[in-house]
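Enquirer: Here it is, the structure, as structure tokens.
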Ligand code: AMP
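In UniProt numbering, the protein residues as written are 1 to 480.
Okay, structure coming up:
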């Protein structure tokens, strides 16, 4: 299961949290369109509303009104290809002897099955096959024996993989980021409270201020009365494994992630793309919307170098077509690219063009686009990509396609160029990504572009000294 999602948690002084949570989910909608949900706590009991669909469709005013309480968490869930999976919509909420729990998870555990099996043997009944429920049960069990902070620490020592979580234990809202900080999570201040969320754009939407990123391995506990927060560095690890693809594709350009403004990162990656593999042409066209910032950086660097290259919008996007990527069949994906993008003939006809996109996954988009531009009269089509070739699947929460669907899985750049029928094709180097993010490669998760992962995943190579925790199967007292 691949869960690439958006999470939020809010504690306010004396205003209901439901509306700010709802607005935050709107700001995070790009991180998941399959389902949306909010769980609040009014000091006595939990209130929950979770539904399939986009945020705007999942809640009506009555739903928001019934979500009482000044503390709560929210979630938007990313669709898994073709399937509609109501069982895994979040936040996951449940009541145990140790209190009520709500969980919103962004990421993917690699040892959820081991922990789930152990807990099932101890009498825990699961309602889904999702890893979020495993975390909830593990935490509930630990809460029987430990205080909140120690219980979270114990769970963190058992789960292995990527996770940014917002959790509600009774009315207390907390945020946790995995020890390698794979998925983003940040903390912000509002006039009357605090917010934990996947992306700072959600804090901006609430007119709040970004305080900082939650540190890898850190737990942040918001005060129930919305007046402050406490933090605990529960696990320290030498290296981080931040997902570079958040910066390249997934996050909003107006978000700041791990201290970098995503828009500026993409523009700089575009500049580097020109430095590494710039090609003279009449016009540079972004593939909307994902290639925009890359193309503007690329064109600017070209012009700084004295090139006459023109930056233009040559492809119009129909906003009402959903993501082509999630269409279940290849036929539908190809049709959807054509529905989504239409060329503006005057900027293309008789010209040599360079199109810039952030990434190539299966190759459907570039294949269709090259054809489209040639049909519109382009004399030459160069393709430049702001990420390295994606050669291996993502196990850490980005739904990317399986290994044999990846166009770069077993083909060289020249072979891919021939397959998409481009005149030239170049990708950005891994070094350029690390340089732009001002970090070492050892602090990034580069699994999808190197095939070596920063987690201990069965059947895959690792790029560092990591071991999944040993799950002992030691019986402890049954909880529920
Ligand atoms: P493809 O057409 O399969 O080569 O996919 C590449 C296109 O999908 C690019 O335009 C990307 O911006 C976009 N893309 C890349 N990764 C993802 C993802 N994980 N989910 C949805 N779209 C993506």
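Where a beta carbon is used, it is the ideal one built from N, C-alpha and C, also for glycine. Quantities reported herein were computed from a predicted structural model and do not represent experimental measurements.
1. Please list, in chain order, all residues of the same chain as residue 225 whose beta carbon is under 7 Å from its beta carbon, the five residues on each side excluded.
2. At what residues does the alpha helix (DSSP H) containing residue 437 begin and finish?
3. Quick check: does the Cβ of residue 15 come within less than 6 Å of any heavy atom belonging to the ligand AMP?
4. If the criterion is Cβ atoms closer than 7 Å, does the pair residue 366 and residue 420 meet it?
5. With a threshold of 6 Å, establish whether the CB of residue 361 neighbours any heavy atom of the ligand AMP.
6. By Cβ distance below 8 Å, which residues in the same chain neighbour residue 192 in space, the five residues on each side in sequence not counted?
7. Between residue 74 and residue 98, which are expected to be in contact by the criterion C-beta below 8 Å, what is the C-beta distance as a whole number of angstroms?
8. Decide if residue 340 is buried, meaning its Cβ has at least 16 other Cβ atoms within 10 Å, or exposed.
9. Could you have a look at residue 37 and say whether DSSP puts it in helix, strand or coil?
10. What number of angstroms, rounded off, separates the C-alpha of residue 364 from the C-alpha of residue 418?
11. Can you give me the start and stop residues for the alpha helix (DSSP H) that residue 366 sits inside?
12. Mapping DSSP to helix, strand and coil, what is residue 448?
13. Classify residue 459: buried if its beta carbon has 16 or more other beta carbons within 10 angstroms, exposed otherwise.
14. Terminal residues of the continuous alpha helix (DSSP H) containing residue 236?
15. With DSSP as the reference, label residue 193 as helix, strand or coil.
16. Count the other C-beta atoms from every protein chain shown that fall within 10 angstroms of the C-beta of residue 62, then say buried if there are 16 or more, exposed otherwise.
17. With H, G and I counted as helix, E and B as strand and the rest as coil, what does DSSP make of residue 137?
18. Apart from the five residues just before and just after residue 465, which ones in its own chain have a Cβ nearer than 7 Å to its Cβ?
19. Thinking just about the alpha-carbon of each residue, which of 294, 26 and 443 is nearest to the one in residue 428?
20. Is the CB-CB distance between residue 101 and residue 153 below 7 Å?
21. Is residue 365 a contact residue of the ligand NAD, with contact defined as CB to any heavy atom under 6 Å?
22. Taking the Cβ atom as the reference point for each residue, do residue 127 and residue 139 lie within a distance shorter than 7 Å?
23. Contact defined as beta carbons within less than 8 Å: I believe residue 27 pairs with residue 205. What is the distance between those atoms, to the nearest angstrom?
24. Under the assumption that residue 351 contacts residue 283 (Cβ atoms under 8 Å), give the Cβ distance between them as a whole number of angstroms.
25. Measure the C-alpha to C-alpha separation of residue 371 and residue 36 and round it to an integer number of angstroms.
26. Threshold first: 4 residues or longer. Then list the alpha helix (DSSP H) segments lying entirely within the region 248-319, N to C.
27. Going by DSSP, what residues sit across from residue 131 in a beta bridge?
28. Give a yes or no on whether the C-beta atoms belonging to residue 279 and residue 355 are separated by under 7 Å.
29. By the 10 Å Cβ neighbour count, where 16 or more other Cβ atoms means buried, how is residue 82 classified, buried or exposed?
30. What residues are listed by DSSP as bridge partners for residue 343?
31. Smallest Cα separation from residue 347: which of 396, 380, 228 and 441?
32. With 16 as the cutoff for other CB atoms within 10 Å, does residue 304 come out buried or exposed?
33. Could you pull the DSSP bridge partners for residue 483 from this structure?
34. Alpha carbon to alpha carbon, how far is residue 377 from residue 212?
35. Do residue 134 and residue 175 have their CB atoms nearer than 7 Å?
36. Would a C-beta distance cut-off of 7 Å place residue 22 and residue 54 closer than the cut-off?
Expert: Let me lay it out:
1. 13
2. Run containing residue 437: none; DSSP gives neither H nor E here.
3. no
4. yes
5. yes
6. 12, 13, 14, 15 and 226
7. With a Cβ gap of about 23 Å, residue 74 and residue 98 do not count as contacting.
8. buried
9. strand
10. 14 Å
11. 364-375
12. helix
13. exposed
14. Where residue 236 is concerned, there is no enclosing alpha helix (DSSP H), given that its DSSP letter is neither H nor E.
15. strand
16. exposed
17. helix
18. none
19. 294
20. no
21. Within the structure as shown, the ligand NAD is missing, the only ligands being the ligand AMP.
22. no
23. 4 Å
24. 5 Å
25. 37 Å
26. 262-277 and 292-304
27. According to DSSP, which records beta bridges pairwise, residue 131 is partnered with nothing at all.
28. no
29. Because residue 82 sits at a pLDDT of 39, beneath the cut-off of 50, its placement in the model cannot be relied upon, and the following sentence gives the value as read from the coordinates. Label assigned to residue 82: exposed.
30. 315
31. 380
32. exposed
33. Summary: the structure shown does not reach residue 483, with the chain confined to residues 1 through 480, and so no result is reported for it.
34. 49 Å
35. no
36. no
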